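Engineer: So for the sequence shown, full-length UniProt numbering puts the first residue at 1; every next one is plus one.
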Amino acid sequence: MVVIGVSFNQTRRMSFPTELSLKWYKAFFTDAGWMKSLETSLTISLLAALIAVTIALPIAYAVWRYNSKAAKGLAGVGSGLFLLPGVVTALMFSAFWGMVGHVGRIENVILSHSVILLGVPVAMLSVGFQSIEKALIEAAHTMGAGDAEAFRMVVRPAMTPYILCALVYVFVLSLNEYLIAYMVAGFSVQTLPIRVFTALRSGYEPTMCVGAVIFILLGFAAFSLLAAIGDLPKLMGRNRPLEA
1 MVVIGVSFNQ TRRMSFPTEL SLKWYKAFFT DAGWMKSLET SLTISLLAAL
51 IAVTIALPIA YAVWRYNSKA AKGLAGVGSG LFLLPGVVTA LMFSAFWGMV
101 GHVGRIENVI LSHSVILLGV PVAMLSVGFQ SIEKALIEAA HTMGAGDAEA
151 FRMVVRPAMT PYILCALVYV FVLSLNEYLI AYMVAGFSVQ TLPIRVFTAL
201 RSGYEPTMCV GAVIFILLGF AAFSLLAAIG DLPKLMGRNR PLEA
């Protein structure tokens, strides 16, 4: 609430406004540097979410449908990387991109975020697959449908809300991530979080609060969309029955 209030302050003081003003919003949206950082963050987050979910979907499906040991191993690696401290994974990715001689590129951040956040969509999609009765797949096969057709007719419609939920979560997490983005790309790729922290080192300015408000609004809009199209607690696995 403090950040939101300060963003509407007429002056540069970090305090609740005595007079409301959109001065700093105008400054943010007319500044090429801030807008470029916002565009970069949105690009990275969208692509990282798409890549992570695209990889996670066959992994979660193989674990659910075939009890694949290889898929379980990949899921475990993804979950393990996500649970590691951020500074450890940031150093790992920084060393990797340095060894391959590919540094300071936006694709470094996109791929690093896709890998480090892979465990999130794997977990969410697994919840979705567990909600599907396998008997429906067998019934589709009995009716003459192949694996691809059964997936299209039975699995895909049931999984669509979970896929959207996974996309939103990875998008929001990637959007707010700072450490890995900074370590693998430095100042050559300036996301909005990096721009905020860079500006903070030079001294306080209210446009930083505008950037923080944008983070809040994007997250709120994303999860509001999920709540509008489906049962958010169910998508998160809250109503999943406990296994004996």
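We treat Cβ as the ideally placed atom computed from N, Cα and C, and that holds for glycine.
Since we're looking at a predicted model, the values are computed, not measured.
Could you tell me if residue 252 is buried or exposed, where buried requires 16 or more neighbouring beta carbons within 10 angstroms of its beta carbon?
Structural biologist: Residue 252 cannot be examined here, being either before or after the span of the chain that is shown, 1 to 244.
Engineer: Would you kindly check if the distance between the Cβ of Phe82 and the Cβ of Gly119 is under 7 Å?
Structural biologist: Cβ distance < 7 Å, so Gly119 and Phe82 count as in contact.
Engineer: Helix, strand or coil: how does DSSP classify Asn9 here?
Structural biologist: In this structure, Asn9 counts as strand in the three-state DSSP scheme.
Engineer: When burial is assigned at 16 or more other CB atoms within 10 Å of the CB, is Ala60 buried or exposed?
Structural biologist: buried
Engineer: Can the beta-carbon of Ala185 be found less than 7 Å from the beta-carbon of Val109?
Structural biologist: yes
Engineer: Using a 10 Å radius around the Cβ and a threshold of 16 neighbouring Cβ atoms, would you call Leu242 buried or exposed?
Structural biologist: With a pLDDT of 44 at Leu242, under the threshold of 50, the modelled position of this residue cannot be trusted; read the value that follows with caution. With fewer than 16 Cβ atoms within 10 Å of its Cβ, Leu242 is classed as exposed.
Engineer: Please classify residue 252: is it buried, with 16 or more other beta-carbons within 10 angstroms of its beta-carbon, or exposed?
Structural biologist: The structure shown does not extend to residue 252, since the chain is modelled only from 1 through 244, so no value can be given for it.
Engineer: In angstroms with no decimal places, state the Cα-to-Cα distance between Ala166 and Thr30.
Structural biologist: 33 Å
Engineer: Assuming Phe28 and Val210 are in contact, meaning their beta carbons sit under 8 Å apart, how far apart are those beta carbons, in whole angstroms?
Structural biologist: With 8 Å as the limit, Phe28 and Val210 qualify as a contact, their Cβ atoms being about 4 Å apart.
Engineer: Use the C-beta contact count for Ile214: other C-beta atoms within 10 angstroms, 16 or more gives buried, fewer gives exposed.
Structural biologist: buried
Engineer: If you compare alpha carbons, which of Gly76, Leu125, Val172, Gly5 is closest to Pro157?
Structural biologist: Leu125
Engineer: By DSSP's criteria, Leu20 is part of a beta bridge. Which residues make up the other side?
Structural biologist: Looking at the DSSP assignment, Leu20 forms a beta bridge with Asn9.
Engineer: Report the option in Thr43, Glu133, Ser114, Ala148 whose CA atom is closest to the CA atom of Thr191.
Structural biologist: Thr43
Engineer: Using only the alpha-carbon positions, how far apart do Val77 and Leu22 sit?
Structural biologist: Val77 and Leu22: Cα-Cα distance of roughly 46 Å.
Engineer: Give a yes or no on whether the C-beta atoms belonging to Ala75 and Ser68 are separated by under 7 Å.
Structural biologist: no
Engineer: Whole angstroms are fine: how far does the CA of Leu164 sit from the CA of Gly98?
Structural biologist: For Gly98 and Leu164, the distance between alpha carbons rounds to 34 Å.
Engineer: Roughly how many angstroms lie between the CA atoms of Val3 and Leu179, to the nearest whole one?
Structural biologist: 22 Å
Engineer: Figure out for me which residue from Ala95, Leu57, Ile106, Pro85 has the closest Cα to the Cα of Lys36.
Structural biologist: Ile106
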